[in-house]
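Take a look at the structure set out below.
In full-length UniProt numbering, the protein residues as written are 1 to 292.
Given below as structure tokens:
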């Protein structure tokens, strides 16, 4: 006799979790290999917008499909519902590409939920596509049933997407909001002589951990936590992008300009908060929050 929740049951769940994680890791790697770092990947992440691209795109498809379902309850021209289904289906392709790109650079716990979110959305897309096909074939009643079934499955996918965004903070800005954590004015940080030249280090200023880089007598200071998923920027590598010195997050490769913390490459879409820095005559480095 086997006790639920006992050691054997826990072992089975762990094995299933490992099998799921293996599939997830394989798919995530395939997406990253297919959509390499560059302009397309940045666009799909939403870097040019400064916000994730996937969430607003989902609203277009869901809005079209919901509207089609509502029209099915009326006597309005059936062609309007077909048009809305078609627009939603067409928009789903780039939406899925943006979502997969974001998902491939998340943590394992987020990817698990995102994997089920993806399966629900694929099933919903199949139902809406079947609904449009049956309507075009003259089977309007079956098409309506398929649309409402798709809305039910799509609602599950939307719920899981909301769970990822609001409970697991996928896509949120993880950089500290220094405006309310650091008082106005200049603050002593450390002595210039205590910093290695040309290698970033972490230093604390009250509640905030900072990325600090000394280059000769010049000092660059950013918030240390990557806005994407709070990776430690001081452990990242320095690179040159079109003549600009940047730091690459060691976790998922987000790239930030040292000059102002702005995003050069995703998956991050929000900038790393930058600090102004100056060196007093006695060699003490002082910092204050820059414009956010």
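Glycine included, each C-beta is placed from N, C-alpha and C at the ideal position.
Since the structure is predicted, the reported quantities are computational estimates derived from the model, not experimental observations.
Closest residue to residue i among the options (Cα-Cα distance)
i: residue 193; options: 219, 237, 179, 43; result: 219
i: residue 298; options: 241, 83, 251; result: Since the first and last residues shown for the chain are 1 and 292, residue 298 lies out of range.
i: residue 21; options: 176, 198, 221, 110; result: 110
i: residue 68; options: 228, 55, 120, 151; result: 151
i: residue 230; options: 104, 113, 267, 221; result: 267
i: residue 132; options: 119, 120, 123, 146; result: 146
i: residue 32; options: 99, 70, 129; result: 99
i: residue 284; options: 238, 254, 47, 187; result: 187
i: residue 144; options: 23, 41, 72, 158; result: 72
i: residue 270; options: 277, 260, 276; result: 260
i: residue 55; options: 172, 290, 198; result: 172
i: residue 26; options: 237, 288, 108, 290; result: 108
i: residue 119; options: 157, 282, 53; result: 157
i: residue 246; options: 237, 257, 252, 29; result: 257
i: residue 30; options: 103, 90, 19; result: 103
i: residue 174; options: 273, 138, 121; result: 273
i: residue 163; options: 117, 97, 43, 287; result: 117
i: residue 59; options: 236, 155, 75; result: 155
Strand pairing of residue i, partner residues [DSSP]
i: residue 286; result: 188, 278
i: residue 209; result: 204
i: residue 197; result: 214
i: residue 240; result: 245
i: residue 225; result: 232
i: residue 220; result: 213
i: residue 129; result: Residue 129 is not bridged to any residue.
i: residue 257; result: 246
i: residue 263; result: 256
Residue i - DSSP class collapsed to helix/strand/coil
i: residue 165; result: helix
i: residue 6; result: Per-residue confidence for residue 6 stands at a pLDDT of 49, beneath the threshold of 50, marking its modelled position as unreliable; the derived number appears in the next sentence. Reduced to three states, the DSSP call for residue 6 is coil.
i: residue 179; result: helix
i: residue 45; result: helix
i: residue 139; result: coil
i: residue 101; result: helix
i: residue 74; result: coil
i: residue 307; result: The structure shown does not extend to residue 307, since the chain is modelled only from 1 through 292, so no value can be given for it.
i: residue 144; result: helix
i: residue 36; result: coil
i: residue 117; result: helix
i: residue 94; result: helix
i: residue 68; result: helix
i: residue 171; result: coil
i: residue 270; result: coil
i: residue 151; result: helix
i: residue 1; result: Low local confidence applies: a pLDDT of 46 at residue 1 is under 50, so the model's placement there is unreliable, with the coordinate-based value given in what follows. Of the three classes helix, strand and coil, the one that applies to residue 1 here is coil, per DSSP.
i: residue 106; result: coil
7 angstroms CB neighbourhood of residue i in its chain, flanking five on each side removed
i: residue 234; result: 200, 201, 202, 211, 224
i: residue 208; result: 176, 178, 181, 182, 223
i: residue 217; result: 279
i: residue 24; result: 111, 112, 115
i: residue 190; result: 203, 285
i: residue 281; result: none
i: residue 57; result: 91, 94, 95, 98
i: residue 205; result: 182, 187, 189, 287
Integer-rounded CB distance, given that residue j should sit under 8 angstroms from residue i
i: residue 35; j: residue 101; result: 6 angstroms
i: residue 128; j: residue 85; result: 6 angstroms
i: residue 275; j: residue 239; result: Contact doesn't hold; Cβ gap of about 21 angstroms is too wide.
i: residue 92; j: residue 125; result: 5 angstroms
i: residue 52; j: residue 46; result: 5 angstroms
i: residue 140; j: residue 78; result: 6 angstroms
i: residue 153; j: residue 123; result: 5 angstroms
Other residues of its chain near residue i: CB distance less than 6 angstroms, five sequence neighbours each side excluded
i: residue 106; result: 170
i: residue 88; result: 61, 64, 65
i: residue 214; result: 195, 197
i: residue 121; result: 157
i: residue 28; result: 104
i: residue 50; result: 269
i: residue 290; result: 274, 275, 276
Cβ-based neighbour list, residue i, same chain, cut-off 8 angstroms, excluding 5 preceding and 5 following
i: residue 254; result: 226, 227, 228, 231, 248, 263, 265, 266, 267, 268
i: residue 149; result: 127
i: residue 136; result: 82
i: residue 42; result: 48, 265, 266
i: residue 244; result: 257, 258, 259, 264
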